[in-house]
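What follows is one structure encoded as structure tokens, with my remarks underneath.
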Amino acid sequence: MKDRLEKLVHDVVRHLFTVQVIVDISRPDPQFGDAATNVAMQLARELKKPPREIAEAIAAEIEKDADIAKVEVAGPGFINVRFTDVALARFLYHSELASLERAGETVVIETNNPNPFKDLHIGHAYNCIIADTIANLLEASGAETHRVSYHGDVGLHVGRSMWAILKFVDGDAAKLDAIELKDRAAFMSKMYVEGAKADKEDEKAHAAIEALVQQSFQPDDPLFKHVYETCKLWSFNYLDTIIERLGSRLAEKRYLESEADTLGVKTVKNNIDDIFTESKGAIIFKGEDYGLHTRVFIASRGTGLYEARDLGLMQLKQRDYNPDKSYIITAEEQKDYFNVVIKAAELAMPALKGITENISTGTVKLSTGKMSSRTGEVLNIEWLFAQLEAAIKARGAEPNEAIITAALRYAFLKVRIGSDVIFDINESVSVEGNSGPYLQYAHARACSILAKSKKAPKASGTMQFDNYERALVLKLQEYREVTVRAMDELLPHYICTYLYELAQTFNRFYEHSRVIDDPREQLRLALIAHYAETLRHGLGLLAIPAPEYL
RNA sequence: GCGCCCGUAGCUCAGCUGGAUAGAGCGUUGGCUUGCGGAGCCAAAGGCCACAUGUUCGAAUCAUGUCGGGCGUACCA
Numbered sequence: 002m003k004d005r006l007e008k009l010v011h012d013v014v015r016h017l018f019t020v021q022v023i024v025d026i027s028r029p030d031p032q033f034g035d036a037a038t039n040v041a042m043q044l045a046r047e048l049k050k051p052p053r054e055i056a057e058a059i060a061a062e063i064e065k066d067a068d069i070a071k072v073e074v075a076g077p078g079f080i081n082v083r084f085t086d087v088a089l090a091r092f093l094y095h096s097e098l099a100s101l102e103r104a105g106e107t108v109v110i111e112t113n114n115p116n117p118f119k120d121l122h123i124g125h126a127y128n129c130i131i132a133d134t135i136a137n138l139l140e141a142s143g144a145e146t147h148r149v150s151y152h153g154d155v156g157l158h159v160g161r162s163m164w165a166i167l168k169f170v171d172g173d174a175a176k177l178d179a180i181e182l183k184d185r186a187a188f189m190s191k192m193y194v195e196g197a198k199a200d201k202e203d204e205k206a207h208a209a210i211e212a213l214v215q216q217s218f219q220p221d222d223p224l225f226k227h228v229y230e231t232c233k234l235w236s237f238n239y240l241d242t243i244i245e246r247l248g249s250r251l252a253e254k255r256y257l258e259s260e261a262d263t264l265g266v267k268t269v270k271n272n273i274d275d276i277f278t279e280s281k282g283a284i285i286f287k288g289e290d291y292g293l294h295t296r297v298f299i300a301s302r303g304t305g306l307y308e309a310r311d312l313g314l315m316q317l318k319q320r321d322y323n324p325d326k327s328y329i330i331t332a333e334e335q336k337d338y339f340n341v342v343i344k345a346a347e348l349a350m351p352a353l354k355g356i357t358e359n360i361s362t363g364t365v366k367l368s369t370g371k372m373s374s375r376t377g378e379v380l381n382i383e384w385l386f387a388q389l390e391a392a393i394k395a396r397g398a399e400p401n402e403a404i405i406t407a408a409l410r411y412a413f414l415k416v417r418i419g420s421d422v423i424f425d426i427n428e429s430v431s432v433e434g435n436s437g438p439y440l441q442y443a444h445a446r447a448c449s450i451l452a453k454s455k456k457a458p459k460a461s462g463t464m465q466f467d468n469y470e471r472a473l474v475l476k477l478q479e480y481r482e483v484t485v486r487a488m489d490e491l492l493p494h495y496i497c498t499y500l501y502e503l504a505q506t507f508n509r510f511y512e513h514s515r516v517i518d519d520p521r522e523q524l525r526l527a528l529i530a531h532y533a534e535t536l537r538h539g540l541g542l543l544a545i546p547a548p549e550y551l
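First residue of the first sequence? That's 2 in the working numbering, and the numbers climb one at a time after it.
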């Protein structure tokens with residue numbers, strides 16, 4: 002509908018004034034009409050005519066179109082358009098929910114990157130949900146989308162954990178078998194804390210941990226290797242269960258820092274003097290030459306750092322997928338870091354220029370003062386799930402996975418990516434207001450009406466809409482452009498905002514419109530069916546479950 | 001110091017590719033209700049869109065500066 006009007010106005014302007022314009026069609030306040038354009042004001046200067054005069058001329062022409070019921074010139078020169086009901090009704094049949102702007106592209110996206118051996122916190126959940134949803138948007142826009150993950154399986158944190166675990170095992174790896182599945186995450190978390198504490202406080206332990214860090218790169222001790230592999234697997238299995246609880250999809254491939262390291266270090270070493278330089282025993286990239294920070298890629302002790310590993314990872318992705326774009330979603334404090342790495346990569350591997358893109362997010366904070374202000378407090382993910390369950394119980398409902406997923410995902414996704422999320426647990430599970438559970442309810446209610454009616458939805462082409470029906474149809478029509486925008490900018494919050502507005506529009510309609518046993522039953526059922534389908538599709542993009550019954 | 005991000009209603013946020021009286025939710029106050037899922041609907045109160053200057057027919061939106069907050073800035077990831 003919008004596309005059609007855009008083209009119509011464009012053609013009319015070209016015909017009347019022999020100039021080209023970029024036509025912008027906006028959705029004005031309903032009192033003005035269904036669509037509006039400001040082309041007359043844009044053209045006023047160029048044509049040296051009063052904007053209203055131009056608007057009148059354009060209005061007179063487009064009014065002839067069969068789909069347009071009324072055209073008005075208003076204010077300084079806006080052209081307000083009202084479509085015919087017949088044209089709007091046609092939309093109910095011919096709506097396309099999918100869009101394929103990225104057809105033919107191949108993209109890779111890191112959808113979850115927690116390190117094994119450590120526990121998961123709220124920030125991991127946030128990153129995982131944002132990345133998963135961006136992946137959905139990429140996929141929905143037609144891209145061949147590969148979800149991958151990347152994990153730190155070597156380094157200091159591994160040394161710390163392994164020190165404590167090996168101490169626990171005390172030479173007998175069978176001791177690990179006694180730890181039940183449900184206790185493993187807590188066990189691992191405890192071991193890390195213990196190792197980290199010893200590393201800082203105990204000289205002897207510190208030295209031992211140093212050795213274990215080296216071991217993590219080149220495991221040659223059989224006991225170390227066995228325990229390491231066992232616990233790493235525990236971590237990944239646990240991670241998978243959490244990802245599923247978050248409603249996200251698992252990655253199809255897991256990359257490890259150990260494999261990226263070798264390749265990355267080699268790349269850096271091959272480019273010493275032209276791109277990288279030696280300084281104080283380390284190998285660095287002088288980002289300052291490009292207005293960026295200077296960063297160390299290979300430490301003076303000779304081991305590759307995160308920077309070098311990322312260069313390796315880029316090549317692994319290239320080898321496996323040969324993507325057009327590769328997305329990495331991180332918290333904003335890594336933004337400058339990635340600018341440096343991406344610049345270095347571009348110089349060292351010119352073929353990869355423009356492929357990797359870092360999308361940076363804000364951080365999650367709890368709204369309840371006590372918890373959020375406690376500095377250094379890590380909000381464990383199990384704790385978070387427990388809080389959500391408790392909050393649902395507190396409002397007198399029975400918690401289930403669908404509601405928990407909806408509450409969490411929606412709370413994270415409704416805020417524009419980049420700004421911080423102040424997470425209010427009670428608000429997120431509330432069924433009143435702008436929340437995931439509210440939209441689930443809205444969907445279930447629509448399904449319930451459809452199920453209850455004995456008639457079939459049917460929108461007749463000649464039907465006239467009443468005001469509430471019309472407002473709903475108009476809002477439904479907006480869905481396509483909203484999703485296109487969300488996919489284009491990779492910003493899921495547009496969808497959240499829209500779905501909530503849609504539900505509000507529906508409620509207004511429903512409040513005033515009897516459906517069952519009304520003469521307009523079939524038409525209204527058609528609107529409701531369309532509404533339910535739109536909600537389901539939109540929630541689907543956000544990976545929020547939309548059950549028919551709650 | 002330098003760089004990046006942010007500052008919209010009491011709180012949490014949309015709006016930012018410049019357009020008509022700046023919108024939601026929560027909270028507050030008042031109304032609607034024998035009805036299809038009222039978890040709703042209607043209404044009121046609440047804003048110098050941090051401040052200043054500039055560009056423009058037109059600025060919350062763009063530019064510059066100021067103030068306030070966050071983050072980054074060589075061997076963590």
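For each residue, glycine too, the CB sits at the ideal point set by N, CA and C. Nothing here was measured: the structure is a model prediction, and the numbers come from that model.
- Task: Return the chain-ordered list of same chain residues with a C-beta closer than 7 Å to the C-beta of A408, the five sequence neighbours on each side being excluded.
- Result: The residue given as residue 408 occupies position 407 in the first sequence. Correct list, in chain order: L389, S429, V430, S436, G437 and P438.
- Message: Within a Cβ cutoff of 8 Å, which residues of the same chain sit near L542, ignoring the five residues on either side of it in sequence?
- Response: As a first step, residue 542 must be located in the first sequence, where it is residue number 541. The residues are T134, N137, L138, A141, T484, A487, P493 and I496.
- Going by Cα to Cα distance, which pick from Y550, V82 and G105 is closest to N323? The residue given as residue 323 occupies position 322 in the first sequence. Selected option, being the one with the closest Cα: G105.
- Pull up the CB-CB distance for D86 and Q465, whole angstroms please, since I reckon it's below 8 Å. The sequence position of residue 86 within the first sequence is 85, counting from 1. The sequence position of residue 465 within the first sequence is 464, counting from 1. Yes, D86 and Q465 are in contact; Cβ-Cβ is about 5 Å, under 8 Å.
- Message: Can you tell me whether Q32 is buried or exposed? The criterion is at least 16 other CB atoms within 10 Å of its CB, across all chains shown.
- Response: Sequence index remark: in the first sequence, residue 32 carries index 31 (1-based). So Q32 counts as exposed.
- Query: Run through DSSP, which three-state label would S190 get?
  - Reply: Here residue 190 corresponds to residue number 189 of the first sequence, with the count starting at 1. Note: S190 maps to helix in three-state DSSP.
- Query: Going by DSSP, which residues form a beta bridge with K254?
  - Reply: The residue given as residue 254 occupies position 253 in the first sequence. DSSP, once it has assigned bridges, lists V149 as partnering K254.
- Hey, how far is the Cα of R161 from the Cα of A187? Looking up residue 161 in the first sequence gives position 160. Looking up residue 187 in the first sequence gives position 186. Rounded to the nearest angstrom, the two C-alpha atoms are 16 Å apart.
- Reduced DSSP category for A206 - H, G, I as helix; E, B as strand; rest coil: To locate residue 206, count along the first sequence from 1; it is residue 205. DSSP places A206 in helix when its eight states are reduced to three.
- Query: Is R302 helix, strand or coil when you go by DSSP?
  - Reply: For the purposes of this step, residue 302 is taken as residue 301 along the first sequence, with counting starting at 1. Residue state, collapsed to three classes: coil.
- Looking at A457 and Q523, is the spacing between their C-beta atoms short of 8 Å? Position 522 of the first sequence, counting from 1, holds the residue named residue 523. Position 456 of the first sequence, counting from 1, holds the residue named residue 457. Contact flag set, yes.
- From G282, D25, K226 and L473, residue whose alpha carbon lies closest to that of D173: Residue numbering aside, residue 173 sits at position 172 when the first sequence is read from its first letter. Closest by alpha carbon: K226.
- Query: Mapping DSSP to helix, strand and coil, what is T107?
  - Reply: Reading the first sequence from its first residue, position 106 is the one you call residue 107. DSSP places T107 in strand when its eight states are reduced to three.
- With a cut-off of 8 Å on the beta carbons, I'd call V108 and T146 a contact; round off their distance for me. Indexing the first sequence from 1 puts residue 108 at position 107. Indexing the first sequence from 1 puts residue 146 at position 145. Yes, they are in contact, since the Cβ atoms of V108 and T146 sit about 5 Å apart, within 8 Å.
- Message: Run through the DSSP bridge pairs and tell me what T553 is partnered with.
- Response: The structure shown has nothing for residue 553, since the chain only spans 2 to 551.
- Do L234 and N113 have their CB atoms nearer than 8 Å? Here residue 234 refers to the residue found at position 233 of the first sequence. Here residue 113 refers to the residue found at position 112 of the first sequence. Going by C-beta atoms, L234 is not nearer than 8 Å to N113.
- Message: Going by DSSP, what residue range makes up the beta strand (DSSP E) through T242?
- Response: Walking along the first sequence from the start, residue 242 turns up at place 241. No beta strand (DSSP E) contains T242, which is instead part of the alpha helix (DSSP H) from P223 to R246.
- Message: Less than 7 Å between C-beta atoms, sequence neighbours within five positions excluded: which residues of the same chain meet that for R302?
- Response: Numbered from its first residue, the first sequence carries residue 302 at position 301. Contacts found: none.
- 8 Å CB neighbourhood of R375 in its chain, flanking five on each side removed: For the purposes of this step, residue 375 is identified with residue 374 of the first sequence, where counting begins at 1. Only weak support is given to the placement of R375: the predicted model assigns it a pLDDT of 36, under 50, and the value that follows is read from those uncertain coordinates. Contacts found: none.
- Is there contact here, the segment 151-160 with the segment 121-135, by at least three beta-carbon pairs under 8 Å? no
- Message: Looking at the secondary structure, which residues open and close the beta strand (DSSP E) in which E73 lies?
- Response: As a working note, residue 73 is residue 72 in the first sequence. Residues I69 to A75.
- By how many angstroms is the C-alpha of I80 removed from the C-alpha of E73? If you number the first sequence from 1, residue 73 lands on position 72. If you number the first sequence from 1, residue 80 lands on position 79. When rounded, the distance between both Cα atoms is 6 Å.
- Message: With distance defined between alpha-carbon atoms, name the residue in K205, Y127 and R103 nearest to I418.
- Response: Residue 418 sits at position 417 when you count from the first residue of the first sequence. I418 has its Cα closest to that of Y127, out of K205, Y127 and R103.
- Task: Could you tell me which residues DSSP pairs with A36 in its beta bridges?
- Result: Against the first sequence, residue 36 aligns to sequence position 35. In DSSP, A36 forms a bridge with V82.
- Beta bridge counterpart(s) of S27 as assigned by DSSP: Taking the first sequence and counting its residues from 1, one reaches residue 27 at position 26. For S27, which the question treats as bridged, DSSP gives the partners A37.
- Message: Am I right that L167 and V228 are in contact with their C-beta atoms under 8 Å? What's the rounded C-beta distance?
- Response: In the first sequence, the residue the question calls residue 167 occupies position 166. In the first sequence, the residue the question calls residue 228 occupies position 227. Yes, they are in contact, since the Cβ atoms of L167 and V228 sit about 6 Å apart, within 8 Å.
- Task: Take K65 as the anchor and find which of Y94, L9 and V22 has the nearest alpha-carbon.
- Result: Here the question's residue 65 lines up with position 64 in the first sequence. If we check each option's Cα against that of K65, L9 comes out closest.
- Query: Which runs of the beta strand (DSSP E) fall wholly inside the segment 363-444 and span at least 3 residues, in chain order?
  - Reply: 365-367 and 422-424
- Query: Would A345 pass as a contact of L312 if the rule is Cβ separation under 8 Å?
  - Reply: Walking along the first sequence from the start, residue 345 turns up at place 344. Walking along the first sequence from the start, residue 312 turns up at place 311. Yes.
- Query: So I382 packs on H125, CB below 8 Å; how close in whole Å?
  - Reply: What you label residue 382 is simply residue 381 of the first sequence in a count that begins at 1. What you label residue 125 is simply residue 124 of the first sequence in a count that begins at 1. Rounded, the Cβ-Cβ distance is 7 Å, consistent with contact.
- What did DSSP end up calling F510 once you bin it into helix, strand or coil? Mapped onto the first sequence, residue 510 falls at position 509. Looking at F510 - three-state DSSP - the assignment turns out to be helix.
- For S373, collect the residues of the same chain with a Cβ closer than 6 Å to its Cβ; drop the 5 residues on either side in sequence, then sort them by chain order. Reading the first sequence from its first residue, position 372 is the one you call residue 373. The pLDDT assigned to S373 is 36, lower than 50, so where the model puts this residue is not dependable; a value taken from the coordinates is nonetheless given after this. Taken in chain order, the residues that qualify are K366 and L367.
- I423 to L257, Cα distance in whole Å? In the first sequence, counting from the first residue as 1, residue 423 sits at position 422. In the first sequence, counting from the first residue as 1, residue 257 sits at position 256. Cα to Cα, I423 sits roughly 32 Å from L257.
- For I285, name the three-state secondary structure that DSSP assigns. Here the question's residue 285 lines up with position 284 in the first sequence. Three-state DSSP puts I285 in a strand.
- Task: Check each candidate in K71, L93 and G76 and name the one with the smallest Cα separation from F84.
- Result: Indexing the first sequence from 1 puts residue 84 at position 83. The option with the nearest alpha carbon to F84 is K71.
- How long is the line joining the alpha carbons of I404 and G282, rounded to whole angstroms? The residue you call residue 404 lines up with position 403 of the first sequence. The residue you call residue 282 lines up with position 281 of the first sequence. Their backbone Cα atoms lie some 54 Å apart in a straight line.
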